[in-house]
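Enquirer: Structure provided below as structure tokens; questions to follow.
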Amino acid sequence: IPTGEIEIKVEELTLLNASKTPPFTIEDETDGGEELRMKYRYLDIRRNPVKENLMLRAKVSTETRNFLNSEGFVEVETPYLIKSTPEGARDFVVPSRMNEGQFYALPQSPQTFKQLLMIAGMDKYYQIVKCFRDEDLRADRQPEFTQIDCEMAFVEQEDILNMFEGLCRHLLKEVKGVELSEFPRMTYDEAMKMYGSDKPDIRFGMKFVEINKVCQKNNFVVFDSAELVVGITVKDGASFTRKQLDKLTDFVKTPQVGAKGLVYCKCNEDGTFKSSVDKFFSQEDLNNWADECKASAGDLILVMAGEIDKTRKALSTLRLHLAEELGLRNPEEFAPLWVLDFPLLEWDEDTKRYHAMHHPFTSPKPNDIEKLDTNPAAVRANAYDLVLNGNEIGGGSIRIHDRDLQKLMFKHLGFTDEEAKEQFGFLMDAFEYGAPPHGGVAFGFDRLCAIMGGQESIRDFIAFPKNNSGRDVMIDSPSDIDEEQLKELNIKLR
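Just add 101 to wherever you are in the sequence shown, counting from 1, and you've got our numbering.
Shown next, in the form of structure tokens:
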């Protein structure tokens, strides 16, 4: 016992099991690298930090069920062996021994099944469910992951937002002892304009300010030729040294950011301004920048210019980088918000067609339906994301419940009638028997646990995770299977 308050007098000792020397120290701070700890994950879990993460995960799971059960939701399991639908990420496929040459797919989400449950009369459904996507991995991605999957019938968007604000409040209060005060809402367009991201971290300021009107037509070609000139204000940033500013400039020029450069303007305490483009802009010009950006004496203005989308994305990356450097992303502070009114469709240059930004079953805004034939890019979705500390922890939409509208949606996504029938005929058939208005949301359970635990990687909250190559190094999976199994499955390797 850590306190040392209990002493044990040994009268008899029996060795239950001998142990080899562990390959790394079993302590809170270990000398084992990640790959080594994953190979001996059963030893890694003996360490308190890992054990506590799994206990937090169990607590989040329990409290999720407690809340949803109390609100009248029914937990229903849906199949894991389903039909492959190529739209979206790649499926994991499973050969069928009894149906030669045919394959199941593992579900990327229970989307169509939960919609069928609404048609079946299950008004409030949920499950905490495994999902599978064969995609490239990052710190916040695993080939198999867990969702809190929910659906409700006879609801509008407001009903869903209120319900799942309630779930989020409940989890933060019961698991972390944190009372959330408000859930701000902003549209997708507002988020992109103010933060350059559809999942902004609002724990700190540095909102974007577009300053084209006060900095163009000054013979500075970088600004004059730009679609967008946009800045952020770093409070008390005028104290940054030249070395620090050069380091920021080098950072934005890295491939991960992709900017061509960075302009700065220091707002000195004496009311003067010092800029990297003093040659082109007078003190009065720079004062206009400060007025637009609401910068005060002692602050720093950082400016980027170029194409709208690329510039916003680059400045968003810089904003987060600065927040990390300045200690503004406190993992014990929680700032949620809803992002609403996403575009329904996005254009894919490679395939030269539209793709659903969320999925093909998302309903367009009623007032935008007529634009599907005339201006598809302008159609807004009845979709919403719940963002927490700059991470999308949940997303959902009001679904299409009308067969004709669903058919029109498939058409705009490039499906022929035959392809739509082949992949989703079962859902279209179900619509013919009456479908209620319905909508739902899915939370990334692993990610939610990681954020509540104050960590970046979801791996730390999964008992037996895969590595960045999608391998389980502990059990050496995936692996070869023998010829007899291949023969039974009617599979021949090339």
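C-beta atoms are modelled at their ideal positions from N, C-alpha and C, and glycine is treated no differently.
Pairs of beta-carbons, one from the stretch 413-428 and one from the stretch 294-302, closer than 8 Å: are there three or more?
Expert: Result yes; three or more Cβ-Cβ pairs closer than 8 Å.
Enquirer: Between the beta-carbon of Glu434 and the beta-carbon of Arg304, is there less than 7 Å?
Expert: Against a cut-off of 7 Å, the Cβ pair of Arg304 and Glu434 comes out as a contact.
Enquirer: Let's test the definition: count the other Cβ atoms within 10 Å of the Cβ of Ile109 and tell me whether it reaches 16, buried, or not, exposed.
Expert: Exposed: under 16 other Cβ atoms inside 10 Å.
Enquirer: Buried or exposed for Ser376, going by 16 or more other Cβ atoms inside 10 Å?
Expert: Under this definition Ser376 is a buried residue.
Enquirer: Compare the beta carbon distance of Arg500 and His460 with 7 Å and say whether it is the shorter of the two.
Expert: Not a contact, by the Cβ cut-off of 7 Å.
Enquirer: With the cut-off set at 7 Å, would you say Leu273 and Val279 are in Cβ contact?
Expert: The answer is yes: Cβ separation under 7 Å.
Enquirer: Keeping to the same chain, check which residues put their C-beta closer than 8 Å to that of Ala482; ignore five residues upstream and five downstream.
Expert: Excluding residues within five positions, the ones whose Cβ falls inside 8 Å are Asp442, Phe443, Pro444, Leu445, Met458, His459, Thr463, Ser464, Pro465, Lys466, Ser498.
Enquirer: In the DSSP assignment, find the alpha helix (DSSP H) that holds Pro150 and state where it starts and stops.
Expert: 149-171 is the span of the alpha helix (DSSP H), which, as asked, contains Pro150.
Enquirer: Looking at Gly332 and Val353, is the spacing between their C-beta atoms short of 7 Å?
Expert: Result no, Cβ atoms of Val353 and Gly332 do not sit closer than 7 Å.
Enquirer: To the nearest angstrom, report how far apart Glu135 and Leu489 are at their CA atoms.
Expert: For Glu135 and Leu489, the distance between alpha carbons rounds to 27 Å.
Enquirer: Which of the three DSSP states, helix, strand or coil, is assigned to Leu403?
Expert: DSSP places Leu403 in strand when its eight states are reduced to three.
Enquirer: By DSSP's criteria, Gln228 is part of a beta bridge. Which residues make up the other side?
Expert: Asp250.
Enquirer: Would you report the Cα separation of Leu473 and Phe565, rounded to the nearest angstrom?
Expert: Roughly 45 Å separates the two Cα atoms.
Enquirer: Can you give me the start and stop residues for the alpha helix (DSSP H) that Ala521 sits inside?
Expert: From DSSP, the alpha helix (DSSP H) with Ala521 extends over 518-532.
Enquirer: By the 10 Å Cβ neighbour count, where 16 or more other Cβ atoms means buried, how is Ile582 classified, buried or exposed?
Expert: With fewer than 16 Cβ atoms within 10 Å of its Cβ, Ile582 is classed as exposed.
Enquirer: Does DSSP classify Ser120 as helix, strand or coil?
Expert: In the structure shown, Ser120 sits in coil (DSSP, three-state: anything other than H, G, I, E or B).
Enquirer: Residues in its own chain within less than 7 Å of Ala531 by CB, not counting five upstream and five downstream?
Expert: Excluding sequence neighbours, Ala531 sits near Leu217, Ile220.
Enquirer: Reducing DSSP to helix, strand and coil, say where Asp573 ends up.
Expert: Strand, per DSSP.
Enquirer: From what residue to what residue does the alpha helix (DSSP H) around Leu506 run?
Expert: Unbroken alpha helix (DSSP H) run through Leu506: 504-513.
Enquirer: Determine the burial state of Gln345: buried for a count of at least 16 other Cβ atoms within 10 Å of its Cβ, exposed for fewer.
Expert: Looking at its Cβ environment, which holds fewer than 16 other Cβ atoms inside 10 Å, Gln345 is exposed.
Enquirer: Which residue's Cα is closest to the Cα of Leu429: Met307, Lys414, Val364?
Expert: For the residues Met307, Lys414, Val364, the minimum Cα distance to Leu429 belongs to Met307.
Enquirer: Leaving out five residues before and five after Arg147 in sequence, what residues of the same chain have Cβ atoms less than 7 Å from its Cβ?
Expert: Closer than 7 Å at Cβ, skipping near neighbours: Ile127.
Enquirer: In chain order, what residues of the same chain lie with their CB nearer than 6 Å to the CB of Ala521, ignoring the 5 residues before and after it?
Expert: Result list for Ala521: Phe511, in chain order.
Enquirer: Exposed or buried, what is Lys140 when buried is set at 16 or more other beta-carbons lying within 10 Å of its beta-carbon?
Expert: That one is buried.
Enquirer: Contact check, Val276 vs Glu393 under 8 Å by CB: the rounded distance?
Expert: About 42 Å; that fails the 8 Å criterion.
Enquirer: Terminal residues of the continuous beta strand (DSSP E) containing Ala484?
Expert: First-last of the beta strand (DSSP E) with Ala484: 484-489.
Enquirer: Would you say the stretch 233-247 touches the stretch 255-262, given that touching needs at least three Cβ pairs under 8 Å?
Expert: Touching, no, given that fewer than three Cβ pairs across the two stretches are closer than 8 Å.
Enquirer: Can you tell me which of the three DSSP states Phe233 falls into?
Expert: Note: Phe233 maps to strand in three-state DSSP.
Enquirer: What residue range does the alpha helix (DSSP H) around Ile552 cover?
Expert: Looking at the DSSP string, the run of the alpha helix (DSSP H) that includes Ile552 is 546-553.
Enquirer: Pull up the distance between the alpha-carbon of Cys588 and that of Arg504, whole angstroms please.
Expert: A small fix is needed here, since residue 588 is Lys in this sequence, not Cys. Straight-line Cα distance between these residues: approximately 43 Å.
Enquirer: Taking the alpha carbon of Asp302 as the point to measure from, which residue in Pro123, Ser120, Ser578, Pro437 has its own alpha carbon closest?
Expert: Measuring from the Cα of Asp302, the nearest candidate turns out to be Pro437.
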